[in-house]
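Enquirer: If you use the UniProt record's numbering, the sequence shown corresponds to residues 1 to 763, in order. Idealized CB from N, CA, C, for every residue including glycine.
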Amino acid sequence: MLSFSSVDELVTYLRAESDKGERFATRFILLEGTEAWDDLTTRLPYEVDSIIRLSEFCSEDDVFPDTSRLISYLKEQARRCKKLLITPLSEWVRLNPEKTDVIQLLAEWPVSYFPDGVRRIYVPLLSIKDSFYQAIECVVRYRSGELPQEWYLESEGTSDIVVASFLGDAGNRKVAWGIKEYLSFWEKGSVKRVWLKTEFAPWLPVRQIRSQCRVQLYPTCFEYVLKTLGCAELKREWGSAEQWEWLATRLCEGESLDKLASRLLNVADYNADQLFTLWPEFDEYGRWLAWLWSKSRNKSDSYLYHVLEGNHRFNDFPRDAVTTIFRLQMNRSYSRERKELLQRIGIKAMPTEFWEAYRKLTDPLARIAVLTDISEEERREIVLCTSQLMEEADSAVWWEYLEIAFPALAWYLRPPMIGDEFVARYFSVYNCCRVRDRANEQLALLTNQWANQQLLWNYPPRSELLAELRANGAKVYWVDAMGVEWAGLLARILTEKSEVECEVRIARSSLPTITDANQGWESGETVERGLDDIAHHYAYVFPDSFLKAMKVIEHVAERVLGLLREVDTVVITSDHGLSRFSATSDIKVDVPEGAEVVLPGRYAILKDGGSQGVRNYQCYGMWVSDNDKLLLLTHARIKGSGYCPGEVHGGATPEEFLAPVIIVRKGRTELQFEVVDNVVRLNPKGEGVLTVRCNRVVHDLRLLLRGQVISGKSENGREWVFLLRRLKSGQHQHTAEVYCGSQPVGRINFKTIKGITQSDLGI
Numbered sequence: 001m002l003s004f005s006s007v008d009e010l011v012t013y014l015r016a017e018s019d020k021g022e023r024f025a026t027r028f029i030l031l032e033g034t035e036a037w038d039d040l041t042t043r044l045p046y047e048v049d050s051i052i053r054l055s056e057f058c059s060e061d062d063v064f065p066d067t068s069r070l071i072s073y074l075k076e077q078a079r080r081c082k083k084l085l086i087t088p089l090s091e092w093v094r095l096n097p098e099k100t101d102v103i104q105l106l107a108e109w110p111v112s113y114f115p116d117g118v119r120r121i122y123v124p125l126l127s128i129k130d131s132f133y134q135a136i137e138c139v140v141r142y143r144s145g146e147l148p149q150e151w152y153l154e155s156e157g158t159s160d161i162v163v164a165s166f167l168g169d170a171g172n173r174k175v176a177w178g179i180k181e182y183l184s185f186w187e188k189g190s191v192k193r194v195w196l197k198t199e200f201a202p203w204l205p206v207r208q209i210r211s212q213c214r215v216q217l218y219p220t221c222f223e224y225v226l227k228t229l230g231c232a233e234l235k236r237e238w239g240s241a242e243q244w245e246w247l248a249t250r251l252c253e254g255e256s257l258d259k260l261a262s263r264l265l266n267v268a269d270y271n272a273d274q275l276f277t278l279w280p281e282f283d284e285y286g287r288w289l290a291w292l293w294s295k296s297r298n299k300s301d302s303y304l305y306h307v308l309e310g311n312h313r314f315n316d317f318p319r320d321a322v323t324t325i326f327r328l329q330m331n332r333s334y335s336r337e338r339k340e341l342l343q344r345i346g347i348k349a350m351p352t353e354f355w356e357a358y359r360k361l362t363d364p365l366a367r368i369a370v371l372t373d374i375s376e377e378e379r380r381e382i383v384l385c386t387s388q389l390m391e392e393a394d395s396a397v398w399w400e401y402l403e404i405a406f407p408a409l410a411w412y413l414r415p416p417m418i419g420d421e422f423v424a425r426y427f428s429v430y431n432c433c434r435v436r437d438r439a440n441e442q443l444a445l446l447t448n449q450w451a452n453q454q455l456l457w458n459y460p461p462r463s464e465l466l467a468e469l470r471a472n473g474a475k476v477y478w479v480d481a482m483g484v485e486w487a488g489l490l491a492r493i494l495t496e497k498s499e500v501e502c503e504v505r506i507a508r509s510s511l512p513t514i515t516d517a518n519q520g521w522e523s524g525e526t527v528e529r530g531l532d533d534i535a536h537h538y539a540y541v542f543p544d545s546f547l548k549a550m551k552v553i554e555h556v557a558e559r560v561l562g563l564l565r566e567v568d569t570v571v572i573t574s575d576h577g578l579s580r581f582s583a584t585s586d587i588k589v590d591v592p593e594g595a596e597v598v599l600p601g602r603y604a605i606l607k608d609g610g611s612q613g614v615r616n617y618q619c620y621g622m623w624v625s626d627n628d629k630l631l632l633l634t635h636a637r638i639k640g641s642g643y644c645p646g647e648v649h650g651g652a653t654p655e656e657f658l659a660p661v662i663i664v665r666k667g668r669t670e671l672q673f674e675v676v677d678n679v680v681r682l683n684p685k686g687e688g689v690l691t692v693r694c695n696r697v698v699h700d701l702r703l704l705l706r707g708q709v710i711s712g713k714s715e716n717g718r719e720w721v722f723l724l725r726r727l728k729s730g731q732h733q734h735t736a737e738v739y740c741g742s743q744p745v746g747r748i749n750f751k752t753i754k755g756i757t758q759s760d761l762g763i
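1) Within the chosen definition, does the stretch 189-199 reach the stretch 134-149 through at least 3 CB pairs nearer than 8 Å?
2) How many angstroms separate the CA atom of Trp238 from the CA atom of Ala248?
3) Any contact of the stretch 141-148 with the stretch 193-203, i.e. 3+ C-beta pairs under 8 Å?
4) Whole angstroms are fine: how far does the CA of Ser498 sit from the CA of Arg726?
5) Based on the DSSP output, what are the partners of Gln212 in its beta bridges?
6) Mapping DSSP to helix, strand and coil, what is Lys728?
7) Tell me the DSSP secondary structure of Gln77 in three-state form.
8) From Thr324 to Ala393, what does the alpha carbon distance come to, in whole angstroms?
9) Please name the residue, chosen from His306, Arg173, Leu705, Gly712, that lies closest to Ser733 on a Cα-to-Cα basis.
10) Look at the alpha carbon of Gln519 and the alpha carbon of Ala424, and state the distance between them as a whole number of angstroms.
11) With H, G and I counted as helix, E and B as strand and the rest as coil, what does DSSP make of Phe24?
12) DSSP three-state label for Gly688, please.
13) Measure from the alpha carbon of Cys694 to the alpha carbon of each residue in Ser711, Asn716, Val175, then state which is nearest.
14) Taking all protein chains shown into account, decide if Val252 is buried (16 or more other Cβ within 10 angstroms of its Cβ) or exposed.
15) On a CA-only basis, which of Val589, Asn315, Ser625 is nearest Ile605? Give me that one, please.
16) Would you mind stating whether Thr515 and Asp480 have Cβ atoms separated by less than 8 Å?
17) Let me confirm a value: Phe354 is counted as buried when at least 16 other C-beta atoms fall within 10 Å, else exposed. Which label applies?
18) Could you say if the stretch 34-52 and the stretch 151-164 meet the contact criterion of at least three C-beta pairs nearer than 8 Å?
19) Compute the beta-carbon to beta-carbon distance between Lys75 and Asp49, rounded to the nearest angstrom, for a pair I have assumed lies under 8 Å.
20) Write down the C-beta distance between Ala261 and Leu289 rounded to the nearest angstrom, noting that I regard them as a contact closer than 8 Å.
21) So, Leu563 versus Val500, is the Cβ gap smaller than 8 Å?
22) Relative to the C-alpha of Tyr46, which candidate in Tyr73, Val11, Ala16 has its C-alpha closest?
23) Given that a residue counts as buried once 16 or more other Cβ atoms are within 10 Å of its Cβ, and exposed if not, what is Asn431?
24) In three-state terms, what does DSSP make of Ile763?
25) How far does the alpha helix (DSSP H) with Lys235 in it reach, from first residue to last?
26) With 16 other CB atoms within 10 Å as the buried threshold, where does residue 831 fall?
27) Check this for me: beta carbons of Cys221 and Glu245, under 8 Å apart or not?
28) One question on the structure: do Ile506 and Asp420 come within less than 8 Å of each other, judged by their Cβ atoms?
29) Rank Ser510, Leu445, Val597 by C-alpha distance to the C-alpha of Asp575 and give the top, closest one.
30) Please go through the same chain and pick out, in chain order, the residues whose beta-carbon is closer than 7 Å to the beta-carbon of His306, but skip the five residues on each side of it.
31) For Pro351, count the other beta carbons within 10 Å of its own beta carbon; 16 or more makes it buried, fewer makes it exposed. Which is it?
32) If we count Cβ pairs, one from each stretch, closer than 8 Å, do we get three or more for the stretch 663-679 versus the stretch 531-550?
33) Please name the residue in Val102, Glu187, Ser300, Ser333 whose C-alpha comes closest to that of Arg43.
34) Check this for me: beta carbons of Leu465 and Val661, under 8 Å apart or not?
35) Measuring straight from C-alpha to C-alpha, what distance separates Ile52 and Asn96?
36) How would you write the range of the alpha helix (DSSP H) that Lys497 sits in, first residue to last?
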């Protein structure tokens with residue numbers, strides 16, 4: 001080895017040595033340090049007749065030089081050029097250390113016999129000394145000392161090279177799009193920091209050696225993410241190649257998983273509740289990142305922790321979120337958290353694995369603990385399990401599980417507190433019987449009390465209440481066939497979903513309890529027919545039809561809340577109710593001779609002269625008369641009335657005769673606003689997030705800011721998020737007008753500064 005102290009010394013020697021007669025033409029110049037490479041790259045072209053640039057032998061952008069073309073061209077040039085420069089062979093070898101046959105071939109390249117033929121071939125090699133000697137030692141003439149000595153020069157300067165099949169955060173690195181461009185960079189001089197994107201990365205045998213040219217090879221995106229994040233717990237199987245590439249191409253150097261995830265998901269820090277609330281707003285990659293982040297950060301006492309502990313594939317996450325409950329001890333907090341999780345990740349129906357595990361459970365309480373009201377099939381099972389639990393266990397044991405699984409059913413079973421003791425007691429019992437689809441002795445006793453004491457006359461006519469309310473400007477909404485049994489559920493849905501006030505009053509319908517006798521609606525008043533349609537459908541079946549009726553009540557609540565945006569008070573009432581147990585009763589009774597039975601057998605029309613018969617029938621405590629009609633006060637039916645699969649009306653049981661009058665008013669609380677953080681941080685695009693908290697639920701909130709109308713977004717109607725756009729960077733004070741619907745309701749003040757947006761909630 002001939003060592004030199006400077007490029008000047010080496011070039012001086014090169015000039016003198018080039019005139020010497022030698023057998024072999026090639027001179028390998030081993031360099032350490034990019035400064036020497038830069039100097040030689042600048043000076044050697046002036047010392048040779050031709051430069052062989054390896055990038056020119058790449059037939060495509062991302063392939064290595066064609067060796068056969070290179071050798072053919074070298075032979076051609078060797079006939080007419082005395083001095084040749086080949087560059088940058090070291091980068092070819094650096095990327096593929098197994099490709100050292102070119103070094104061996106060049107080592108024994110002879111000096112030309114032609115007068116103008118090649119005398120010298122200069123091959124500078126930067127920081128591949130180990131690879132060079134490994135190759136040259138295989139040449140017999142080198143080992144015997146027949147070949148010229150290699151030249152050696154040390155200098156300062158390093159190069160940092162990233163090789164990957166993707167482009168990550170290159171930062172201040174130059175980017176080489178393929179091997180051809182990478183080689184061309186080095187032909188012009190050294191590259192201090194470079195990112196080579198090549199499809200060959202997964203197969204390159206790059207050696208990780210200490211050198212002034214450091215190569216970081218990432219065969220896959222996963223290796224890059226793993227090393228850059230320094231997150232040893234990550235597993236390759238936790239993501240697909242596409243998912244790891246998505247993450248790798250967005251990862252900045254020096255970021256932790258926490259910083260990366262918070263930046264990409266636009267949240268301040270890890271918070272499982274917030275992440276899964278935002279789940280619907282994320283795309284598939286965002287959801288995967290939220291899942292990945294949760295695997296490393298979730299609390300060990302949560303249901304989510306147990307789900308993720310056994311869940312190693314993102315695509316299996318929804319299924320595991322559903323089924324993990326079966327391997328845990330029954331726990332109300334697990335049931336509650338699981339239901340929230342399933343709702344947030346968009347589960348619409350339970351998978352086959354759930355039903356297979358569910359059918360192995362025999363305890364109805366254990367079943368309710370794993371059920372939700374997300375799907376129709378689950379709701380059906382909850383009704384059946386609740387029916388069984390009513391017979392077998394005290395409600396204190398199972399009630400909280402029911403409230404978690406199917407709150408609407410729990411609300412149905414607990415009617416509102418009504419001043420009338422009999423009505424409250426009767427419908428508490430009646431609704432329980434409805435869920436069991438079977439009347440019990442307690443209901444029979446209450447029905448007999450109703451009939452024997454003729455309690456139906458204790459209640460004011462519905463028309464009187466409505467007249468008073470209409471006079472005060474209330475809008476009336478009619479629900480055909482809605483009895484008092486639904487008042488508790490409807491009132492609870494209304495107050496749960498919005499800040500409204502509900503008052504439930506009890507009125508009496510007109511006899512008989514049929515629509516023709518109770519058409520009290522006025523022009524322009526809505527009549528909802530869903531309950532009546534379900535009750536009289538030929539395919540009525542329990543509990544499916546019962547659950548459809550619950551859906552009608554939920555729909556009514558939505559409609560009424562919509563009306564409250566237009567008026568201050570809405571009154572919900574009904575023409576009559578329905579009786580399930582009058583339809584299913586086995587008790588059949590006679591009517592006076594000659595009376596006309598009106599189907600489905602809840603009342604009869606008397607012929608002239610039948611008053612004596614009416615008095616006799618009233619004595620039995622089963623009937624009430626109204627003009628020429630005789631109506632049943634109990635769940636019996638008149639003989640010959642035929643079969644009815646669903647529910648009936650026309651008689652005078654409490655569920656048929658009593659009509660709820662539900663007065664729904666807007667909340668009287670004054671609407672107030674609070675800016676959660678009055679300092680809004682803007683990103684470089686002038687975007688930021690403003691969060692406003694209301695003291696009560698509202699349904700439509702907007703800001704008018706500098707001529708922009710900005711619509712808010714809210715999960716619960718109380719906390720509203722606004723995405724601010726096109727604001728000037730820097731510190732500024734702002735005042736925005738707040739509108740609820742089209743009505744101005746106040747003003748808010750906030751300040752903007754340069755910073756990072758936390759979340760745009762997909763607005």
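Expert: For this structure:
1) no
2) 14 Å
3) no
4) 33 Å
5) Note: Gln212 sits in no beta bridge, so no partner.
6) coil
7) helix
8) 26 Å
9) It should be pointed out that residue 733 corresponds to Gln in this sequence rather than to Ser. Residue Leu705 is the option with its Cα nearest to Gln733.
10) Cα to Cα, Gln519 sits roughly 26 Å from Ala424.
11) The three-state reading of DSSP puts Phe24 in strand, counting E and B together.
12) strand
13) Distances from the CA of Cys694 to each of Ser711, Asn716, Val175 were compared; the closest alpha carbon is that of Asn716.
14) The residue asked about is misnamed: residue 252 is Cys in this sequence, not Val. With fewer than 16 Cβ atoms within 10 Å of its Cβ, Cys252 is classed as exposed.
15) The shortest Cα separation from Ile605 among Val589, Asn315, Ser625 belongs to Ser625.
16) In this structure, Thr515 lies near Asp480, with their beta-carbon atoms less than 8 Å apart.
17) With 16 or more Cβ atoms within 10 Å of its Cβ, Phe354 is classed as buried.
18) yes
19) Cβ-Cβ separation between Lys75 and Asp49: approximately 15 Å, too far for a contact (criterion under 8 Å).
20) 6 Å
21) no
22) Val11
23) Asn431 is buried by the Cβ-count criterion.
24) Because the pLDDT of Ile763 is 43, which lies under 50, any placement of that residue in the model is unreliable, and the number read from its coordinates should be weighed accordingly. The answer is coil: DSSP assigns Ile763 none of H, G, I, E or B.
25) No alpha helix (DSSP H) contains Lys235, which DSSP labels as neither H nor E.
26) This structure cannot speak to residue 831, because the chain is shown only from 1 to 763.
27) yes
28) yes
29) Ser510
30) Thr324, Leu328
31) exposed
32) In this structure the stretch 663-679 does not lie against the stretch 531-550, because fewer than three pairs of beta carbons, one per stretch, are closer than 8 Å.
33) Glu187
34) Cβ atoms of Leu465 and Val661: closer than 8 Å.
35) 19 Å
36) 487-497
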